[in-house]
Amino acid sequence: MHGLLSKLNIAVVCDYLEEGWPSMDLAAEMLFSELRNSGGIDAQMLRPAFVRRFGAVSRRRAAFNADRVMNRFFDYPRFLRARKNDFDLFHIIDHTYSHLAHAAGPQRCIVSCHDIDAFRPLIESGFSPPMRAMARRTAAGLRDAAAVMCVSAATRDDIVRHRLAPAERVNVNHNGVSETFRTCPDADADREACRLLGAPHTGRIEILHVGSTIARKRIDLLLRIFASVRRELPAAR
Numbered sequence: 025m026h027g028l029l030s031k032l033n034i035a036v037v038c039d040y041l042e043e044g045w046p047s048m049d050l051a052a053e054m055l056f057s058e059l060r061n062s063g064g065i066d067a068q069m070l071r072p073a074f075v076r077r078f079g080a081v082s083r084r085r086a087a088f089n090a091d092r093v094m095n096r097f098f099d100y101p102r103f104l105r106a107r108k109n110d111f112d113l114f115h116i117i118d119h120t121y122s123h124l125a126h127a128a129g130p131q132r133c134i135v136s137c138h139d140i141d142a143f144r145p146l147i148e149s150g151f152s153p154p155m156r157a158m159a160r161r162t163a164a165g166l167r168d169a170a171a172v173m174c175v176s177a178a179t180r181d182d183i184v185r186h187r188l189a190p191a192e193r194v195n196v197n198h199n200g201v202s203e204t205f206r207t208c209p210d211a212d213a214d215r216e217a218c219r220l221l222g223a224p225h226t227g228r229i230e231i232l233h234v235g236s237t238i239a240r241k242r243i244d245l246l247l248r249i250f251a252s253v254r255r256e257l258p259a260a261r
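Each residue of the sequence shown is one higher than the one before, counting from 25 in this note's numbering.
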């Protein structure tokens, strides 16, 4: 039990940088910054060194993916088990790392859930046995965590509908706004935006997509929707 003057020790459990998920890296950095600036909290970012085994002898994508599995499911849990008594609370930034809750102690873990794609092997057909096995292990961590913080109501509804976690432990906690976005004008950035998109126009509808173009982001659907919008509203961009 904490004394009145003691600080809460919180670990921000980050993705491996080598995996290349900038959105998850940014989420970890922003949470850490906010916690560090809060009174009564000591925060630390946790991220073990990424060990290259198969990747040390091959540059093939399959070798890197094999290293990812080893690092995620063997090295990272071992790293957290060694640190589990150093913190009062663990916040796992990426739901695809939910299995780490069992290494740190699920009763002291919060998981941020951004979507349910990692759990589709459990609710849809067509996935390989290894994919289903990894999804089961990841989902078990999500289910047992003390709390699941969803970035949208849609994600919370998906989790509850598919019974991936108890409804009473699933909440909505929207992402914050990065300091990159501010009300003060940035002349250089504004000029570059005008060069790429054209000058802004009062009354024009603008649709902004933020994300990658990987298949599950359904850019094909976005383009078809936008084409329909343009037929009704030619000034849209």
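Using N, Cα and C, we set each Cβ at its ideal position, and we do this for glycine too.
When DSSP states are grouped into helix, strand and coil, A170 belongs to the coil group.
If the five residues before and after V36 are omitted, its C-beta is found closer than 8 Å to the C-beta atoms of A52, L55, F56, L59, A67, Q68, M69, L70, H115, I117, all from its own chain and listed in chain order.
By the criterion of a C-beta distance shorter than 6 Å, R180 is surrounded in its chain by C174, V194, V196, once the five residues flanking it on both sides are discounted. In the DSSP assignment, V196 falls within the beta strand (DSSP E) that extends over 194-196. Short of 8 Å from the beta carbon of A259, and not among the five residues preceding or following it, lie these beta carbons of its own chain, in chain order: H225, G227, R228, I229. Boundaries of the beta strand (DSSP E) harbouring V36: 32-37, taken from the DSSP string.
The beta-carbon distance between F250 and I231, rounded to whole angstroms, is 6 Å. This is short enough to meet the 8 Å contact definition.
The criterion of a C-beta distance shorter than 8 Å is satisfied by H123 and A164.
Nearest C-alpha to E42 among P145, L32, R85, V135: R85. Less than 8 Å separates the beta-carbon of D182 from that of I140.
Looking at the DSSP output, H115 shares a beta bridge with V36, I134. Boundaries for L70: no alpha helix (DSSP H) harbours it, while the beta strand (DSSP E) harbouring it runs 65-70, taken from the DSSP string.
Note on geometry: alpha-carbon atoms of L50 and S202 lie some 9 Å from one another. Our two residues, T237 and H198, have alpha carbons roughly 23 Å apart in a direct line. For D110, the secondary structure class from DSSP, reduced to helix, strand or coil, is coil. If only complete runs of 4 or more residues are kept, the stretch 185-249 shows the alpha helix (DSSP H) at 211-221, in order along the chain. Taking the Cβ atoms as the reference, I34 lies roughly 31 Å from F88, outside the contact range of under 8 Å. Counted as a single uninterrupted DSSP element, the alpha helix (DSSP H) harbouring A87 occupies residues 85-94. Excluding the 5 residues flanking it on each side, V184 has same chain C-beta neighbours closer than 8 Å at A191, V194, in chain order.
Its chain contains P72, V75 as the residues whose beta carbon lies nearer than 7 Å to that of D99, once the 5 sequence neighbours on both sides are disregarded; these appear in chain order. By the 16-neighbour rule on beta-carbons within 10 angstroms, R240 is exposed. Around K108, the same chain offers A128, G129 as residues with beta carbons nearer than 6 Å, after the five sequence neighbours per side are excluded.
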